[in-house]
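Report on the structure given below.
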Amino acid sequence: MIVRTSKIVNKAGMHTRPASMLVKIASKYKSEFFIIKDGFRINGKSIIGVMTLAAEQGSEVRLEFDGVDEEKACKEVVKFFEDGFGEL
Amino acid sequence: MTKKEQIFKGLAASKGIAFGRPFVYSVEAPTYDITNNGDFSSEKEISDYENAISQSVKELNKIFSLAKEKLDDKNLQIFDAQLSFLYDEFLNAKVKDRIARESVPAYQVFTEEIKVLESAILSSGDEYMRERINDINDIKNRVLRNLVKGRLVSKITENSIVIGRNLTPADTILFSNRNMLGIATDLGGINSHVAIIARSLSIPAVVAMHDISIRINRDDYLIIDGYKGVVIKNPEEETIIRYKEQVQKNLEFEAKLVELEKLPSETKDGKTIQLSTNLEFNNEVDYVVTHFGCDVGLYRTEHLFMEIGDFPDEEAQYKQYKFLADHISPGMVTIRTFDIGGDKILPESQKELNPFLGWRGIRICLDKNDMFKAQLRAILRASTGGNLKIMFPMISSVDEVVRIREIFEAAKSELRAAKIRFDENIKIGIMIEIPSAVLLAEELAELVDFFSIGTNDLVQYTLAVDRDSSLVCELYDKFNPAVLRLIKMLTDAAEKHNVPVSVCGEMASDPYGSLLLIGLGVKELSVESKSYLQIKRLIRLVNYENASKIAARVLKMSTSKEITDYIEECFNKNIGEKLKSYDN
Numbered sequence: 001m002i003v004r005t006s007k008i009v010n011k012a013g014m015h016t017r018p019a020s021m022l023v024k025i026a027s028k029y030k031s032e033f034f035i036i037k038d039g040f041r042i043n044g045k046s047i048i049g050v051m052t053l054a055a056e057q058g059s060e061v062r063l064e065f066d067g068v069d070e071e072k073a074c075k076e077v078v079k080f081f082e083d084g085f086g087e088l
Numbered sequence: 089m090t091k092k093e094q095i096f097k098g099l100a101a102s103k104g105i106a107f108g109r110p111f112v113y114s115v116e117a118p119t120y121d122i123t124n125n126g127d128f129s130s131e132k133e134i135s136d137y138e139n140a141i142s143q144s145v146k147e148l149n150k151i152f153s154l155a156k157e158k159l160d161d162k163n164l165q166i167f168d169a170q171l172s173f174l175y176d177e178f179l180n181a182k183v184k185d186r187i188a189r190e191s192v193p194a195y196q197v198f199t200e201e202i203k204v205l206e207s208a209i210l211s212s213g214d215e216y217m218r219e220r221i222n223d224i225n226d227i228k229n230r231v232l233r234n235l236v237k238g239r240l241v242s243k244i245t246e247n248s249i250v251i252g253r254n255l256t257p258a259d260t261i262l263f264s265n266r267n268m269l270g271i272a273t274d275l276g277g278i279n280s281h282v283a284i285i286a287r288s289l290s291i292p293a294v295v296a297m298h299d300i301s302i303r304i305n306r307d308d309y310l311i312i313d314g315y316k317g318v319v320i321k322n323p324e325e326e327t328i329i330r331y332k333e334q335v336q337k338n339l340e341f342e343a344k345l346v347e348l349e350k351l352p353s354e355t356k357d358g359k360t361i362q363l364s365t366n367l368e369f370n371n372e373v374d375y376v377v378t379h380f381g382c383d384v385g386l387y388r389t390e391h392l393f394m395e396i397g398d399f400p401d402e403e404a405q406y407k408q409y410k411f412l413a414d415h416i417s418p419g420m421v422t423i424r425t426f427d428i429g430g431d432k433i434l435p436e437s438q439k440e441l442n443p444f445l446g447w448r449g450i451r452i453c454l455d456k457n458d459m460f461k462a463q464l465r466a467i468l469r470a471s472t473g474g475n476l477k478i479m480f481p482m483i484s485s486v487d488e489v490v491r492i493r494e495i496f497e498a499a500k501s502e503l504r505a506a507k508i509r510f511d512e513n514i515k516i517g518i519m520i521e522i523p524s525a526v527l528l529a530e531e532l533a534e535l536v537d538f539f540s541i542g543t544n545d546l547v548q549y550t551l552a553v554d555r556d557s558s559l560v561c562e563l564y565d566k567f568n569p570a571v572l573r574l575i576k577m578l579t580d581a582a583e584k585h586n587v588p589v590s591v592c593g594e595m596a597s598d599p600y601g602s603l604l605l606i607g608l609g610v611k612e613l614s615v616e617s618k619s620y621l622q623i624k625r626l627i628r629l630v631n632y633e634n635a636s637k638i639a640a641r642v643l644k645m646s647t648s649k650e651i652t653d654y655i656e657e658c659f660n661k662n663i664g665e666k667l668k669s670y671d672n
């Protein structure tokens, strides 16, 4: 299992559009993907889950990847966070 | 417990009186009994849920394809995001699992699951995040609507008076197939769509009742009075008797009007005023043919769209137009191309701030060329009997008409090339409902065969008044001198170019309005079928020369109070008494 910490950097936060893109990216991989924020742990392949985190700009999240392709999954997801979901 | 009679007031939107039980309708909270476990079946709930999801996916894809050309990529991703909610396996699995384990209806489970998400988002301190609630509401309402749709219809098996916060045109049509006795809504104005549809279906309606939807319970008994604009809850015995008597009296008046059916529509001094009717639904056709035998001056096609939530294909449209052409023959039918607002096809988050000034009517048709041409081809193919005309809505410029004619010619060439017959002499006309079209009337007259004034929109656009806004709808005034002078400008320009002018708006169905229109030089009135005989009665009482004089005098007046006072005076002096016994 790989664990990373990331920050939400775009202004609008984890709103509908990035949430759906994140789910799309994560769903390409076999590995399980969880996001943890403020003690909540949600499945990163569920848009309802991701949106429930209501992660606004500046919030920190813990990302957990577990499975055969965890490294690749981690790399792409972390980059997506660093790029501010393409909204910078 | 005895129930006390209570009277609720609103605006009278469609004449008539009905007695019955209410059906309280709300999109957000279903009225079917979710606690009734008597016939609960989790298998059925789960399959209903799956159907609602797949129906919602279908709708979103449809909207997606319609909006694709209009929106940039970033905005389009909203659809993608909404779709990903519907595809969320975790949500779907959880909902189905809870239905099975807890024996709770799908509606309730889904609402609860979404609520968790909503409160998480609302608790966020961030404004950007809180705005996202709109996306979620959009998708939630779509799924819930699809979830209750089937039951909704099956629940209104007995005749009932539909009560709601607001009814969309699609809802109204849905209900109309189920013997709806009347409509009362919290919102809406007398010219809102629900009112117009109610009038064309001859169902009493009262709108702008503020909070009727929460004051009526399903075991109440109601009288709805569409003349006075009131709803009476649990009426006393003597109220019921009084209303039954009035219904009887109305029937007698109507019986008297029937004598007029066979008489020509001409003024006292022998001038023929062509009187035709507006039509929307097939179930009105028989009545129009057997009782009036007149032309159809306006056939609205929007309901074809609203019933299926998409543009019907050419073949389906052809069948519909052919049906009309055959049944109304030898009468003429003027078919208006789709007059749809962008608000009907754009998703919640993309809605325009001013839909009435936005993407609607001919603007959508000209942007969606293929859809438009399919409609024109369908009308052309149905025109072989020589009794169809085509009319285009929302014209604001000469360029639009030039483009329409190009597409129209292209449609004709395609048919000729395929050796498909159509009426080569078919006439085309435009709706005059935007002031700019009046100002350009001389140029437009060179390009079309007829004009038809849509008074509802002409009033709205001339006076900049939203007729559905309860705050300003009082300013919506068809007797505003500016409106009357515009109509006069149009009839003058049309006469110069020998182009006939008809009126298909609601002003033609109003006694004062039709008197003025005749005086202003309009030769054809197309009215709601409910008003047809009353207006014929009026035409037969009017002296054409007098009407022209009255109109000429009115054109010099500067306020609508002056105008209506003056017409009232003329009415009372000449024809009022005779007309009164036919009017309520």
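Residue numbers (the numbering used here), protein chains in the order written: chain A, 1 to 88; chain B, 89 to 672.
All residues carry an ideal CB built from backbone N, CA and C; glycine is no exception.
Of all the CB atoms in chain A, is at least one closer than 7 angstroms to the CB of residue i?
{"i": "Q165/B", "result": "yes"}
{"i": "I209/B", "result": "yes"}
{"i": "A169/B", "result": "yes"}
{"i": "F152/B", "result": "no"}
{"i": "D185/B", "result": "no"}
{"i": "D223/B", "result": "yes"}
{"i": "I122/B", "result": "Residue placement at I122/B is flagged as unreliable, the pLDDT there being 46, under the threshold of 50; a coordinate-derived value is accordingly withheld."}
Is it buried or exposed, residue i, if we count other Cβ atoms within 10 angstroms and call 16 or more buried?
{"i": "T5/A", "result": "exposed"}
{"i": "S501/B", "result": "exposed"}
{"i": "D121/B", "result": "Because the pLDDT at D121/B is just 45, under 50, the model does not fix this residue reliably, and the point stays unresolved."}
{"i": "S172/B", "result": "buried"}
{"i": "M1/A", "result": "exposed"}
{"i": "F510/B", "result": "buried"}
{"i": "A552/B", "result": "exposed"}
{"i": "S557/B", "result": "exposed"}
{"i": "N234/B", "result": "buried"}
{"i": "F89/A", "result": "In the structure as shown, chain A starts at 1 and stops at 88, and residue 89/A therefore has no counterpart that could be examined."}
{"i": "D83/A", "result": "exposed"}
{"i": "R220/B", "result": "buried"}
{"i": "A106/B", "result": "buried"}
{"i": "V241/B", "result": "Residue placement at V241/B is poorly supported in this model, since its pLDDT is 49, which falls under 50; the coordinates still yield a value, given next. Classification for V241/B: exposed."}
Residue i touches chain A at which residues, Cβ-Cβ below 8 angstroms?
{"i": "R220/B", "result": "H15, T16, M51"}
{"i": "L205/B", "result": "I48, M51, T52"}
{"i": "F178/B", "result": "N43, K45, S46, I48, G49"}
If the cut is a Cβ gap below 7 angstroms, which residues of chain A does residue i touch?
{"i": "S212/B", "result": "A54, E56"}
Which residues of chain E have a Cβ atom closer than 9 angstroms to the Cβ of residue i, listed in chain order?
{"i": "K28/A", "result": "Of the protein chains in this structure, namely A and B, none is chain E."}
What does residue i touch in chain B if you count any residue whose Cβ is under 9 angstroms from its own?
{"i": "A73/A", "result": "The premise fails here: A73/A is roughly 17 angstroms from chain B at the closest Cβ pair, so nothing lies under 9 angstroms."}
Which bits of chain A does residue i rub up against, with CB to CB less than 9 angstroms?
{"i": "F78/B", "result": "Residue 78/B lies beyond the range of chain B shown here (89 to 672); nothing can be said about it."}
Taking only beta-carbon positions, decide if residue i is within less than 7 angstroms of chain B.
{"i": "V23/A", "result": "yes"}
Please confirm whether any heavy atom of the ligand MG lies closer than 6 angstroms to the CB of residue i.
{"i": "E656/B", "result": "This structure lacks the ligand MG, and indeed carries no ligand of any kind."}
Would you grab the beta carbon distance between residue i and residue j for me? Rounded to a whole angstrom, and I think it's under 8 angstroms.
{"i": "I495/B", "j": "K461/B", "result": "6 angstroms"}
{"i": "L345/B", "j": "Q622/B", "result": "7 angstroms"}
{"i": "E93/B", "j": "T273/B", "result": "With a Cβ gap of about 21 angstroms, E93/B and T273/B do not count as contacting."}
{"i": "M51/A", "j": "I209/B", "result": "7 angstroms"}
{"i": "I312/B", "j": "G270/B", "result": "4 angstroms"}
{"i": "M482/B", "j": "M519/B", "result": "7 angstroms"}
{"i": "V526/B", "j": "V547/B", "result": "Actually they do not touch by this definition, with Cβ atoms about 12 angstroms apart."}
{"i": "Q170/B", "j": "D136/B", "result": "Actually they are not in contact, since the Cβ atoms of Q170/B and D136/B sit about 21 angstroms apart, beyond 8 angstroms."}
{"i": "F111/B", "j": "V250/B", "result": "5 angstroms"}
Closer than 8 angstroms is the cut-off here; do at least three beta carbon pairs connect the region 600–617 of chain B with the region 360–376 of chain B? yes
Any chance the region 370–388 of chain B sits against the region 417–425 of chain B, with 3 or more Cβ pairs inside 8 angstroms? yes
Please confirm if the region 627–637 of chain B is in contact with the region 562–578 of chain B, defined as three or more CB-CB distances below 8 angstroms between the two stretches. no
Please determine if the region 15–27 of chain A and the region 70–81 of chain A are in contact, where contact requires at least 3 C-beta pairs separated by less than 8 angstroms. yes
Touching or not, the region 44–60 of chain A and the region 276–294 of chain B, by the rule of three or more beta carbon pairs under 8 angstroms? no
Taking one C-beta from the region 585–593 of chain B and one from the region 526–544 of chain B each time, how about it: are there three or more such pairs within less than 8 angstroms? yes
Segment contact flag, the region 367–376 of chain B with the region 644–661 of chain B, C-beta cutoff 8 angstroms, min 3 pairs: no
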